[in-house]
Every structure is written in structure tokens, then in C-alpha cells.
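Reading through the C-alpha cells given below for one structure.
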Amino acid sequence: MHAPSPTGPTVSDDEVAAAVACLSQGGLVAFPTETVYGLGCDAANRDALRRLYAVKGRPAGHPVIVHVAEGTGLDRLAATVPDAARRLARACWPGPLTVVVRRGPGIPDEVTGGRDTVGVRVPDQPVALRLLRAFAATGGLGIAAPSANRFGRVSPTAAADVRADLDGDVDLVLDGGPCAVGVESTIVDCSGDSPAILRLGGVTRERVEGIVGTAVPLRLGDAHAAPGTLPSHYAPAARIELVEPDAVAPRASALLAARRRTGVLAPAGVLDVPALPRGLDVLDPPAGVDEYAHVLYSRLREADRRALDVLLVVPPAAVGLGAAVADRLRRAAGAVTS
Ligand code: TXA
Ligand code: MG
Numbered sequence: 620m621h622a623p624s625p626t627g628p629t630v631s632d633d634e635v636a637a638a639v640a641c642l643s644q645g646g647l648v649a650f651p652t653e654t655v656y657g658l659g660c661d662a663a664n665r666d667a668l669r670r671l672y673a674v675k676g677r678p679a680g681h682p683v684i685v686h687v688a689e690g691t692g693l694d695r696l697a698a699t700v701p702d703a704a705r706r707l708a709r710a711c712w713p714g715p716l717t718v719v720v721r722r723g724p725g726i727p728d729e730v731t732g733g734r735d736t737v738g739v740r741v742p743d744q745p746v747a748l749r750l751l752r753a754f755a756a757t758g759g760l761g762i763a764a765p766s767a768n769r770f771g772r773v774s775p776t777a778a779a780d781v782r783a784d785l786d787g788d789v790d791l792v793l794d795g796g797p798c799a800v801g802v803e804s805t806i807v808d809c810s811g812d813s814p815a816i817l818r819l820g821g822v823t824r825e826r827v828e829g830i831v832g833t834a835v836p837l838r839l840g841d842a843h844a845a846p847g848t849l850p851s852h853y854a855p856a857a858r859i860e861l862v863e864p865d866a867v868a869p870r871a872s873a874l875l876a877a878r879r880r881t882g883v884l885a886p887a888g889v890l891d892v893p894a895l896p897r898g899l900d901v902l903d904p905p906a907g908v909d910e911y912a913h914v915l916y917s918r919l920r921e922a923d924r925r926a927l928d929v930l931l932v933v934p935p936a937a938v939g940l941g942a943a944v945a946d947r948l949r950r951a952a953g954a955v956t957s
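Using the working numbering, you'd call the opening residue of the sequence shown number 620 and step up by one each time.
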């Protein structure tokens, strides 16, 4: 692949055409979205889906999201489109929102994990939309894509992360530069009597409730509803410990004294940096919750590049996108028990 240009990487029409041909032949194509990179295959091709599961190391029975070029894809994939799903799709697409609806005919069990629902989303990323449109033009149902990381590991937010994680197991990687949002889509289950949020992500709960017009309960880590949202997910090799700002210095001193390579990730301005113990790796602090989301996964990967044993993390305030970041950090720390 070419080196990134000063204005960021560009993806040619030829590359998009090659990616479509690859998908049509049952290949696996990693592509950028605004949330994280996806590992895509033809959602109608059972063999490709089985290979995708094998490459990810993901247990069977975990459903994958079908990505489509526009909202009409929802009508094609759903048995019925409830009012809440329709409103959410209209307000948020293209964007970091997945709606779960009852599935229509013609969707393989490998996509839905054998359940009677399907997750659908239109991503807000120019390369992804070009790919999805070009694939739809060949009659493709949609692109099934989990995040392009091995099962349980940190999601990729740059093409280099995909290559580092999946290496030769992916046929083609489209490099659209770093992902703008940095955490996965919000998943709203609209298949039941009333909607519920299965995963917090790029669209805030407040926004979902504003669009639906009612309170929308969280059903996070609901193993039945969204089996991919397990506790102890999104984890780097370094152990993650969640700490209050005041606890960073004493905890870091104790770990360093025990000869543990230790780092810290905290929002800008919350730590008294000169007072921190020598030898502590202070990762570049994000300013504000949106930037925290944007850099979260690259900082977790950096902890591994620095071969840290322990990363102390001060989560952001759990408002707006901060709620999704705090959720991922709890899972990375293995602190989620439901
Ligand atoms: O932002 C995202 O959503 C990224 C990009 C690539 O679009 N994709 C992503 O996919 O995060 P994945 O497979 O890593 O996570 C998808 C989650 C899983 O927790 C899965 O269980 C849930 O979506 N899911 C998919 N279809 C579902 C369904 N029919 N019912 C319940 N949960 C579903
Ligand atoms: Mg994932």
C-alpha cells in the first residue's frame, strides 16, 4: 500500500473496485468506518462468513452487523421496521448507530447467530460509503463486518492496527486514515415491544432518547441480547486498573516499587504531573471526552508497545461519549460482571 500523503491516505476507485471484486469472490476486506475498522465480507455468502469467524477467532453464535449504503437497506433486511427504528435510522444515518430489527428472509444464520433479528447500520465514512455503494450496485445484500481485531482484543482505529492484528488473514485493507469517533456504534434493539440500548457507543443515550421520545433502558452486556458485548472485552495485554486521580501517585509508586512497568492514562488537567513518581509512563492525555474516545484504543495499543505490565486509567466523566469510553474501560479492566 502507498504511504499516507500529507492530507491523509486516499483510496482510488481502482482499489474500491478491487475490494468489491474481492467481496464478490468470498474474500475478506478490512475497511474504515467512523467508529473502528471493520472486517467485511459478503453478508449473503455463508462460506465467507465462516472464514470471517475463523479469522476473528470468534465463537459461533455471535451475530455480526450488516453494513449498507443507505437507509433503504433497512427495509430490505428487516421483516418489519418499527417506528423507533425508522426514526433512529432517519436521524442518525449515516452515523455510529446500529439498529436491531426482526430479520427478513434471505439472511444467513451465520449473520444473525441463528436468532430472528439482524443488526444494520450505515457508517459515516467516505471510503466505507463508496465501498458499500459499489457493492450494492453489483446486487450485494450488504457487508457483514465485525470490528477488524481478533476476538476479545482492542478494536483497530487505523489501517496499521488491522495489519498488525490480522496480518495475512485479510485479503485487502482499505486505508481511510484514523477513525474519527474511535469507539464502536451504539446498538439499539428495536425488535421487542420497546427499544433498549445493548451497547453504548458513538451516539449518546441522551440523543437516542430524544429521537425515540421516551426513556430507553440500558441492557448492556446482556449475554443473550448481544453476545459480543462480553465482560473482559476490548483488552490489551497490559492489566488495566481504573483509579481516581488522587490514587494515581500512591498506586504507581507501589507498582514501580514492585518492579512492574507502569503507565497512566488520564484526561488532560486532572493529574499533578510533576508530583508523579519517576519511571511512570505518562501517556499523552486526551482533552475532553470526544478526544478521549478518539484516542482510547490507540493508547491501549501503545501500552502494549511500551510493554507495560499495568496501565492505570482515570476514566472521563460518564457524560455524552464519555459514557461509552467509561464502559469500554470497565470491560478492558475486566470489571464488568453483568
Ligand atoms: O461500530 C461498529 O459497530 C463496528 C463497525 C465495524 O461498524 N462494528 C462492530 O462489530 O463493533 P462487532 O461485531 O465487533 O460488534 C457488534 C456487536 C456485537 O456485540 C454483536 O453481538 C451485536 O453487535 N449484534 C449484532 N447483531 C445483533 C443482533 N441481531 N442482536 C443483538 N446483538 C447484535
Ligand atoms: Mg468488536
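Beta carbons: idealized from backbone N, C-alpha and C, even for Gly.
Exercise for review: Please say whether Val730 and Pro682 have beta carbons closer to each other than 8 Å?
Suggested key: The sequence position of residue 682 within the sequence shown is 63, counting from 1. The sequence position of residue 730 within the sequence shown is 111, counting from 1. A contact, by the Cβ cut-off of 8 Å.
Practice item. Identify the continuous alpha helix (DSSP H) that holds Thr691 and give its terminal residues. Key: Position 72 of the sequence shown holds residue 691. For Thr691, the enclosing alpha helix (DSSP H) stretches over residues Thr691 to Leu696.
**Study point:** Leu770 - DSSP class collapsed to helix/strand/coil
**Key:** Within the sequence shown, residue 770 is the residue found at index 151, counting from 1. Position check: residue 770 holds Phe in this sequence, whereas Leu was assumed. Three-state DSSP puts Phe770 in coil, outside helix and strand.
Exercise for review: Compare the Cα-Cα distances from Pro678 to each of Asp903, Pro864 and Gly733 and report the closest residue.
Suggested key: If you number the sequence shown from 1, residue 678 lands on position 59. Pro678 has its Cα closest to that of Gly733, out of Asp903, Pro864 and Gly733.
Check your understanding: Which one of Val901, Tyr916 and Pro864 has the shortest CA to CA distance from Pro855?
Key -> One-based indexing of the sequence shown puts residue 855 at position 236. Answer by Cα proximity: Tyr916.
Review point. Does at least one heavy atom of ligand 2 sit under 7 Å from the Cβ of Ser774?
Key: Against the sequence shown, residue 774 aligns to sequence position 155. Checking the Cβ of Ser774 against ligand 2 gives yes.
**Study point:** Buried/exposed call for Thr717, threshold 16 Cβ in 10 Å
**Key:** Within the sequence shown, numbered from 1, the residue matching residue 717 stands at position 98. Flag for Thr717 reads buried.
Exercise for review: Mind checking which residues open and close the beta strand (DSSP E) that includes Cys660?
Suggested key: The residue labelled residue 660 in the question sits at position 41 within the sequence shown. Counting along the chain, the unbroken beta strand (DSSP E) around Cys660 starts and ends at Gly657 to Asp661.
Exercise for review: Name, in chain order, the residues that DSSP records as bridge partners for Leu884.
Suggested key: Reading the sequence shown from its first residue, position 265 is the one you call residue 884. In DSSP, Leu884 forms a bridge with Val932.
Exercise for review: Kindly list the residues whose CB is nearer than 6 Å to the CB of Gly659, restricted to its own chain and excluding five residues on each side of it in sequence; keep chain order.
Suggested key: Here the question's residue 659 lines up with position 40 in the sequence shown. Result list for Gly659: Val648, Phe650, Ile762 and Ala764, in chain order.
Review point. Looking at C-beta atoms only, is the number of pairs between the stretch 923-939 and the stretch 892-908 that lie closer than 8 Å three or more?
Key: With the cut-off at 8 Å, the stretch 923-939 and the stretch 892-908 touch.
Check your understanding: Which residue comes first and which comes last in the beta strand (DSSP E) that contains Val571?
Key -> This structure gives no information on residue 571, because the portion of the chain shown stretches from 620 to 957.
**Study point:** Minimum length 3: unbroken beta strand (DSSP E) runs contained in the stretch 691-731
**Key:** List check, beta strand (DSSP E) in window: 716-721.
Check your understanding: Just to confirm, does Pro836 get its C-beta within under 7 Å of one of the non-hydrogen atoms of ligand 1?
Key -> Numbered from its first residue, the sequence shown carries residue 836 at position 217. Relative to ligand 1, Pro836 has its C-beta separated by 7 Å or more from all heavy atoms.
Point to revise | Residues sharing a beta bridge with Gly646, DSSP | key: Within the sequence shown, the letter at position 27 stands for residue 646. Beta bridge pairing from DSSP links Gly646 with no other residue.
Check your understanding: Beta carbon of Ser804: closer than 7 Å to some heavy atom of ligand 2?
Key -> Against the sequence shown, residue 804 aligns to sequence position 185. Relative to ligand 2, the beta carbon of Ser804 is positioned no closer than 7 Å to any heavy atom.
Point to revise | Where Arg858 sits in the DSSP three-state scheme | key: Working through the sequence shown from its first residue, we reach residue 858 at position 239. Correct three-state label for Arg858: strand.
Review point. Are the Cβ atoms of Ser804 and Gly829 separated by less than 8 Å?
Key: The sequence position of residue 804 within the sequence shown is 185, counting from 1. The sequence position of residue 829 within the sequence shown is 210, counting from 1. In this structure, Gly829 does not lie closer than 8 Å to Ser804 by Cβ.
Review point. If you measure from the CB of Val630, is any heavy atom of ligand 1 nearer than 7 Å?
Key: By 1-based counting over the sequence shown, the position of residue 630 is 11. No, the Cβ of Val630 stays beyond 7 Å of every heavy atom of ligand 1.
Point to revise | Beta-carbon proximity of Pro727 to Arg665, cut-off 8 Å | key: Residue mapping note: residue 727 aligns to position 108 of the sequence shown, counting from 1. Residue mapping note: residue 665 aligns to position 46 of the sequence shown, counting from 1. Contact: yes.
Exercise for review: Go ahead and label Asp633 buried or exposed: buried means 16 or more other beta carbons lie within 10 angstroms of its beta carbon, across all protein chains shown.
Suggested key: Locating residue 633 in the sequence shown gives position 14, where the first residue counts as 1. Result: exposed.
Point to revise | Cβ neighbour criterion (16 or more within 10 Å) applied to Thr776 | key: As a working note, residue 776 is residue 157 in the sequence shown. When all chains shown are included, Thr776 counts as buried.
Review point. Is Pro713 near ligand 4, with its Cβ less than 7 Å from a heavy atom?
Key: This structure lacks ligand 4; its bound ligands are ligand 1 and ligand 2.
Review point. Under the three-state reduction of DSSP, which class applies to Ala763: helix, strand or coil?
Key: Within the sequence shown, numbered from 1, the residue matching residue 763 stands at position 144. The answer is strand: DSSP assigns Ala763 an E or B state.
Point to revise | Proximity of Leu931 and Arg880 at Cβ, strictly below 8 Å | key: Stepping through the sequence shown from its first residue, residue 931 is reached at position 312. Stepping through the sequence shown from its first residue, residue 880 is reached at position 261. No.
Point to revise | Same chain, Cβ closer than 6 Å to Val674, neighbours up to 5 away in sequence not counted | key: On the sequence shown, residue 674 is found 55 positions in, with the first residue counted as 1. Taking C-beta separations shorter than 6 Å and ignoring five residues to either side along the sequence, the partners of Val674 in its chain run Asp788, following chain order.
Point to revise | Neighbourhood of Ala708 by C-beta distance below 7 Å, restricted to the same chain and skipping five residues each side | key: Here residue 708 corresponds to residue number 89 of the sequence shown, with the count starting at 1. Excluding residues within five positions, the ones whose Cβ falls inside 7 Å are Gly690, Leu693 and Val718.
Check your understanding: How many Å lie between Arg925 and Thr629 at the Cα?
Key -> Locating residue 925 in the sequence shown gives position 306, where the first residue counts as 1. Locating residue 629 in the sequence shown gives position 10, where the first residue counts as 1. Distance between the alpha carbons of Arg925 and Thr629 is about 30 Å.
Practice item. Report back the beta-carbon spacing between Ala767 and Gly657 to the nearest angstrom; my notes put them in contact at under 8 Å. Key: On the sequence shown, position 148 is the one that residue 767 refers to. On the sequence shown, position 38 is the one that residue 657 refers to. Here Ala767 really is in contact with Gly657; their C-beta atoms are around 6 Å apart, less than 8 Å.
Check your understanding: Is it true that the CB of Val687 sits closer than 8 Å to the CB of Leu748?
Key -> Start at 1 with the first residue of the sequence shown, and residue 748 comes out as number 129. Start at 1 with the first residue of the sequence shown, and residue 687 comes out as number 68. Their beta carbons are not under 8 Å apart, which means Leu748 does not touch Val687 by this criterion.
Review point. Distance, Cα to Cα, Pro760 vs Pro742?
Key: Within the sequence shown, residue 760 is the residue found at index 141, counting from 1. Within the sequence shown, residue 742 is the residue found at index 123, counting from 1. With the sequence shown as reference, residue 760 is identified as Leu, and Pro is not the correct amino acid for it. Distance between the alpha carbons of Leu760 and Pro742 is about 16 Å.
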